[in-house]
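Visitor:
Numbering (the numbering used here), first residue to last: 139 to 255.
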């Protein structure tokens, strides 16, 4: 499970590319990527083309072709199960809110890998 906000996607690009290179697929992996606007979703086509990677893009902007959605517990419940391993990177307020949501969904600290911005 990869959860990124804005520029927080940067360290995940390398991890996803390496895993794809090593395994030939990202089956079982999900990327949830939040941005302010749809135009801010960098690498969208590349992520969607990564074999086996499930993608979920969300934005703050109303009227986009992707959901206008916060990364709250109810939304993340669609992707996260208790015990999931989660990689998290984004602005500090987003990371705090997502970490709390992950805890509420049964993900323990040892299964949350954070990259600071």
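C-beta: ideal position from N, C-alpha, C; glycine also.
Does the Cβ of residue 162 have 16 or more other Cβ atoms within 10 Å, making it buried, or fewer, making it exposed?
Guide: Counted from its first residue, the chain shown places residue 162 at position 24. Per the 10 Å Cβ criterion, exposed.
Visitor: Which first and last residues belong to the alpha helix (DSSP H) in which residue 148 is found?
Guide: If you number the chain shown from 1, residue 148 lands on position 10. Taken as a continuous stretch (DSSP letters only), the alpha helix (DSSP H) holding residue 148 covers 148-161.
Visitor: Short of 8 Å in beta carbon distance, which residues of its chain neighbour residue 215, apart from the five on each side in sequence? Order them along the chain.
Guide: As a working note, residue 215 is residue 77 in the chain shown. If we look at residue 215 and ignore the five residues flanking it on each side, its Cβ neighbours are 243.
Visitor: Identify every residue that forms a DSSP beta bridge with residue 225.
Guide: Locating residue 225 in the chain shown gives position 87, counting from the first residue. Answer by DSSP bridge pairing, in chain order: 140 and 251.
Visitor: How would you call residue 166, buried or exposed, if buried means at least 16 neighbouring beta carbons within 10 angstroms?
Guide: As a first step, residue 166 is located in the chain shown; it is residue number 28 there, counting from the start. Label assigned to residue 166: exposed.
Visitor: From the DSSP output, in three-state form, read off residue 218 for me.
Guide: Residue 218 sits at position 80 when you count from the first residue of the chain shown. Correct three-state label for residue 218: coil.
Visitor: Can you find the residues in the same chain that come closer than 6 Å, C-beta to C-beta, to residue 207, ignoring five residues on each side of it along the sequence?
Guide: The count along the chain shown starts at 1 and reaches residue 207 at position 69. Contacts found: 196 and 213.
Visitor: Take the Cβ of residue 218 as the centre, count every other Cβ of all protein chains shown within 10 Å, and call the residue buried at 16 or more, exposed below.
Guide: One-based indexing of the chain shown puts residue 218 at position 80. Classification of residue 218: buried, given that the 10 Å Cβ count is 16 or more.
Visitor: Excluding the five sequence neighbours on either side, which residues of its own chain have a C-beta within less than 7 Å of the C-beta of residue 223, listed in chain order?
Guide: Along the chain shown, read from residue 1 onward, the residue named residue 223 stands at position 85. Excluding positions up to five away in sequence, the list reads 139 and 249.
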